[in-house]
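What follows is a short report on a single structure.
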Amino acid sequence: MVDYGGMKKSRSLLLRQLPGVDELVRSEALSAISEKYSRTLLIDTARAVLEQVRADILEHESGKEVVKNRVARSVEEIAEKVAESLDRFSGAGLTKVVNGTGTILHTNLGRALLAKEAVDAAMVAAQNPVNLEFDIITGLRSERDAAVEALVCSLTGAEAACVVNNNAGAVLLVLNTLAEGEEVVVSRGELIEIGGSFRLPDIIAKSGCRLKEVGTTNRTHASDYAEAVTGSSSILFKAHKSNYEVTGFTAEVGLKELSGIASDKRVVLVEDLGAGALIDMSVFGLPKEPVVGERLEAGADVVTFSGDKLLGGPQSGIIAGSRDLVDKIRRNPLKRALRCDKMTLAALEATLKLYLNKNDLSSRLPVLRLMTREVDEIEENARKAALLLRERLGAGFTVEVLESAPGAQNGSVIGGGSLPGYMLPTTVLGVTHVKLSAQSIYNGFLASDPPILGRISKDIFLLDMRTIELPEDLLPNNFV
Ligand SMILES: *Cc1c(COP(=O)(O)O)cnc(C)c1O
2 MVDYGGMKKS RSLLLRQLPG VDELVRSEAL SAISEKYSRT LLIDTARAVL
52 EQVRADILEH ESGKEVVKNR VARSVEEIAE KVAESLDRFS GAGLTKVVNG
102 TGTILHTNLG RALLAKEAVD AAMVAAQNPV NLEFDIITGL RSERDAAVEA
152 LVCSLTGAEA ACVVNNNAGA VLLVLNTLAE GEEVVVSRGE LIEIGGSFRL
202 PDIIAKSGCR LKEVGTTNRT HASDYAEAVT GSSSILFKAH KSNYEVTGFT
252 AEVGLKELSG IASDKRVVLV EDLGAGALID MSVFGLPKEP VVGERLEAGA
302 DVVTFSGDKL LGGPQSGIIA GSRDLVDKIR RNPLKRALRC DKMTLAALEA
352 TLKLYLNKND LSSRLPVLRL MTREVDEIEE NARKAALLLR ERLGAGFTVE
402 VLESAPGAQN GSVIGGGSLP GYMLPTTVLG VTHVKLSAQS IYNGFLASDP
452 PILGRISKDI FLLDMRTIEL PEDLLPNNFV
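Count the sequence shown with the numbering used here and you get residues 2 to 481, in order.
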């Protein structure tokens, strides 16, 4: 007990000897950088670091342990920690990462990479005044979506189109405009949830509409829809099953048949297409995703889709369909709240223009380029990357070039809620170490500059070379 009291005393003595916030801020190390940061930030950070030091001291059994474990206590040591913390804070935020996950449209990594043409257009819009809502020929005010609308119409055959911030916004705006206070009829098999808390029933509720579910999870028939539509229904809503499949004993009603029911009952047929392919992906040997133009042709009155999934542009949501409906949608005050900024519109316009020349598309549009890369090219790249990486990582590490066939555990995926269950062939690098676990290697790559994100499969750290175009990207500056 005597001992215990002694230890406590020495810890509390250490706590009392800690510098105060004022002393820290006035210290040599911090006064040297005090001009770089606001005083509030400096004081808040010093306070937070001191708190942490106090907690570190209390975590130890005795004052002796604190000293033995070299817990920072002097003004210089703590000031150094404050400076580091400020550095981290000002360097934090969006930063380039290397995508070695094999997921091409990785929502957490920002989905589609923009084409050079789109990046250039966004830069011009960012740095200069542009004719965003100004018609150069007439000198009058114009619509900000006009250029994108013309392109979407010519690429899909739609009569009219407009753009908002993302597809979730597009669905919200369409529902709110065309069915506020009324019923939206949806099959139970299509009450989708997309990552990032997009849940169709919630969006319908937030749009001010009432959801009317029809059919069952696996089977919905035309008669289910026909019987469900009443005088208070306004929309027959179809949602693309972007990120799941229903297989086995199933039935769903095709768009043509739904369109017949919708016009008989005088309601609007809306389809949320999700990925928004503008061309048939099967010409590239990929599974077919719904093509916007084909869905309109088949009878959808209005469709919505994302700009940053298969389309390969900036984050945006496109609404396309019949002129009277799109005009109504455009006039909804919510459209103003959901409108895109000039950089997005410039990048989207440039991306859509690439579709006008189909021959060049798969080399110029990064999403398509990554999806259609030849396995031989990926493998050659992987071999180069393996050589570089072996040299950089040094003793203890092994870097193996591993083949992967479609359907295998380590195939690449498209992601972003597109082509669920479909795997692309790829080549991966398997990185192992005599002592380190796969998780430690994963952490090491993630802590490098730039951070490199891979995945762990069967206890091996893997870097998927389908989503890494430059072997040099795998040479982090500070890998430890
Ligand atoms: C991705 C997706 C959405 C959400 O689109 P965002 O552009 O991410 O807002 C909505 N519906 C479907 C069917 C989707 O695939």
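Just so you know, even glycine gets a beta-carbon here, dropped at the ideal spot from N, CA and C.
The beta strand (DSSP E) spanning residue i covers which residue range?
i      : result
SER188 : 184 to 188
GLY322 : 318 to 322
GLU272 : 269 to 275
ASP465 : 461 to 465
LEU403 : 398 to 405
ALA162 : 161 to 165
ARG456 : 456 to 458
VAL414 : 413 to 416
For residue i, count neighbouring C-beta atoms within 10 Å of its own C-beta (all shown protein chains included) and say buried if the count is 16 or more, exposed if not.
i      : result
TYR443 : buried
TYR245 : exposed
ILE205 : buried
THR104 : buried
HIS455 : One detail in the question is off: residue 455 reads as Gly in this sequence, not His. Buried is the call here.
ILE457 : exposed
ASN358 : exposed
GLY6   : Unreliable positioning characterises GLY6 in this predicted model, as indicated by a pLDDT of 44, which lies under 50. A coordinate reading is not provided.
MET124 : exposed
PHE90  : exposed
ASP273 : buried
VAL284 : exposed
ARG142 : exposed
SER198 : exposed
For residue i, tell me which candidate among the options has the shortest Cα-Cα distance.
i      : options                           : result
GLY190 : TYR226, THR157, ALA122 and VAL164 : TYR226
ASN177 : ARG332, ASP342 and PHE446         : ARG332
GLY417 : HIS434, ASN129, VAL215 and LYS310 : LYS310
ALA338 : VAL83, LEU174 and GLY101          : LEU174
LYS242 : VAL268, GLY196 and LEU279         : GLY196
LYS336 : GLY275, ALA171, GLU66 and ARG55   : ALA171
GLU60  : LEU16, GLU78 and SER35            : LEU16
LEU287 : SER91, LEU425 and GLY92           : LEU425
ASP302 : LEU279, GLY314 and LYS329         : LYS329
THR399 : LEU369, SER363 and LEU437         : LEU437
GLU258 : THR251, PHE285, ASN219 and SER224 : SER224
LEU256 : VAL271, SER11, LEU110 and GLN316  : VAL271
I need the DSSP call for residue i, collapsed to helix, strand or coil.
i      : result
ASN1   : Here the chain comprises residues numbered 2 to 481, so residue 1 is not present and cannot be evaluated.
LYS354 : helix
THR428 : strand
PHE446 : helix
SER208 : coil
PRO421 : strand
ALA299 : coil
ALA240 : strand
ALA126 : helix
ARG27  : helix
ARG89  : helix
LYS310 : coil
ILE79  : helix
ALA12  : Sequence inspection shows Arg at residue 12; the Ala mentioned does not correspond to that position. In the structure shown, ARG12 sits in a helix (DSSP, three-state: H, G or I).
VAL254 : coil
SER260 : helix
SER283 : helix
Over what stretch of residues does the alpha helix (DSSP H) that includes residue i continue unbroken?
i      : result
SER307 : First-last for SER307: 303 to 307, but that is the beta strand (DSSP E), not the alpha helix (DSSP H).
SER363 : 362 to 365
SER224 : 223 to 229
ILE58  : 40 to 60
GLU392 : 376 to 394
VAL172 : 168 to 180
CYS154 : 147 to 157
VAL435 : No alpha helix (DSSP H) holds VAL435; DSSP gives it neither H nor E.
GLU36  : Per DSSP, GLU36 belongs to no alpha helix (DSSP H) and is neither H nor E.
If you measure between the beta carbons of residue i and residue j, is that distance less than 8 Å?
i      : j      : result
GLY294 : THR108 : no
ALA1   : LEU430 : The question about residue 1 has no answer here: the residues shown for the chain are numbered 2 through 481.
LEU114 : PRO367 : yes
ARG346 : THR468 : In the sequence as presented, Arg is not what sits at residue 346; that position holds Leu. No; because the gap between Cβ atoms is not below 8 Å, this pair is not in contact.
ILE319 : VAL76  : no
ILE236 : LEU201 : no
ALA348 : GLY314 : yes
ALA161 : CYS154 : yes
ALA229 : VAL247 : no
THR139 : LEU87  : no
LEU476 : ARG393 : yes
ASP377 : SER413 : no
LEU152 : GLU298 : no
ASN168 : SER307 : yes
ASN166 : GLN316 : yes
LEU25  : ILE79  : yes
Do we get a CB-CB distance below 8 Å when we pair residue i with the residues of chain B?
i      : result
PHE250 : The structure shown contains no chain B; it is built from a single protein chain.
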